[in-house]
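Under my numbering, the sequence shown is numbered contiguously, ending at residue 488. Even for Gly, the Cβ is constructed at its ideal location relative to N, Cα and C. For reference, the structure discussed in these notes is given below.
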Amino acid sequence: MPKDKNSEKICVVGAGLMGSGIAHAFASAGFNTSLVDTNAGTLRRAAAAIEKILSDGVELGKVEPSAAASAMLRLRPVEDLAQGAADADLVIETVVEDLSVKRGVVATASQVMQTGGVIATNTSALSVTEIARGASDTGRIIGMHFFNPVHKMKLVEIVLGLETNERALTLIKEYCAAIGKVSIVVNETPGLTTSRMSAMAGNEAMYMLMEGAASAEDIDTAMRLGFNHPMGPLELGDLTGWDTRLSVLKYLHATLGDKFRPCPLIAKMVAAGRLGRKTGAGVYV
204 MPKDKNSEKI CVVGAGLMGS GIAHAFASAG FNTSLVDTNA GTLRRAAAAI
254 EKILSDGVEL GKVEPSAAAS AMLRLRPVED LAQGAADADL VIETVVEDLS
304 VKRGVVATAS QVMQTGGVIA TNTSALSVTE IARGASDTGR IIGMHFFNPV
354 HKMKLVEIVL GLETNERALT LIKEYCAAIG KVSIVVNETP GLTTSRMSAM
404 AGNEAMYMLM EGAASAEDID TAMRLGFNHP MGPLELGDLT GWDTRLSVLK
454 YLHATLGDKF RPCPLIAKMV AAGRLGRKTG AGVYV
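This is the structure we're talking about:
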């Protein structure tokens, strides 16, 4: 089991939106947390974002002012990976989706962290098994896939690589529980669980729209009210970005077959620059 929170050291590598959210979750739960990024400006913005989440919680009456202040004191921004990961019990990498970069993080962290520590990758696209090849002990490498925004989303997908050992799985389950998350366990597979189901629903919704089965508004309303989803599949595609959706579908089509063949309407929209909210127009304007 993880030791007492006051003696535990967590290191989150990558101070982007996901990394800052994960660091907030651990610091708020009472863990001493290092947030590592080589870009000083990114670190400053991440610390400010975490402070805002905490202050918003205070204003809403969900967080005690003393708890918010304590969480910020437990957060340590660091620009050097070896320094941030030194003697860490858990390292979570959230760096760019590049296999060589992730392997480099794993290799450095495995040399300086606690001998019995665990290294988790937040990737939802790359292979945990291949990322683990950067470590001397591949058994302690595991996937820990969070969802945005981390402070609101309860789910964590725990992803088992080929050589992930039982001890790493047990520890990650306990860490998830300690920060108030619900975890599910997934064997390494393309798209894990959520990406596959979301991609399938979004792709089918686009086929329905292309075929004229129903309007975009009615397709989304059907999913919201008929299945109690907070957002319809077309609204979600606009939010995520149809270029991202197309990339995921192409990958799933290549690895899992024709059931994930991208709807031609998605390809047309991407070619036309209708990517969703980031361009001002997608299925909706």
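- Annotation: the continuous beta strand (DSSP E) that includes P280 extends over 278-281.
- Our two residues, E296 and V488, have alpha carbons roughly 36 Å apart in a direct line.
- Cβ-Cβ separation between I361 and V388: approximately 5 Å, consistent with a contact (criterion under 8 Å).
- The region 293-313 makes contact with the region 331-348, as at least three CB pairs between them are under 8 Å.
- For I225, the enclosing alpha helix (DSSP H) stretches over residues 220-231.
- The Cβ atoms of A274 and S231 lie closer than 7 Å to each other.
- When DSSP states are grouped into helix, strand and coil, G264 belongs to the coil group.
- Your pair P280 and A252 does not check out as a contact, with CB atoms roughly 12 Å apart and the cut at 8 Å.
- Our two residues, M413 and A335, have alpha carbons roughly 42 Å apart in a direct line.
- Looking at the DSSP output, L293 shares a beta bridge with I213, V321.
- Between the alpha carbons of T443 and G233 lies a distance of about 32 Å.
- Burial is judged here by how many other beta carbons sit within 10 angstroms of a residue's own beta carbon; E438 has at least 16 and is buried.
- C214 and D259 have their C-alpha atoms spaced approximately 24 Å apart.
- Distance from the Cα of V385 is smallest, within the candidate group T424, E366, F350, for F350.
- In terms of Cβ geometry, G224 and V353 form a close pair [threshold 7 Å].
- Exposure of D461 is indicated by the presence of fewer than 16 other C-beta atoms within 10 angstroms of its C-beta.
- Between R464 and G405, the CB-CB gap reaches or exceeds 7 Å.
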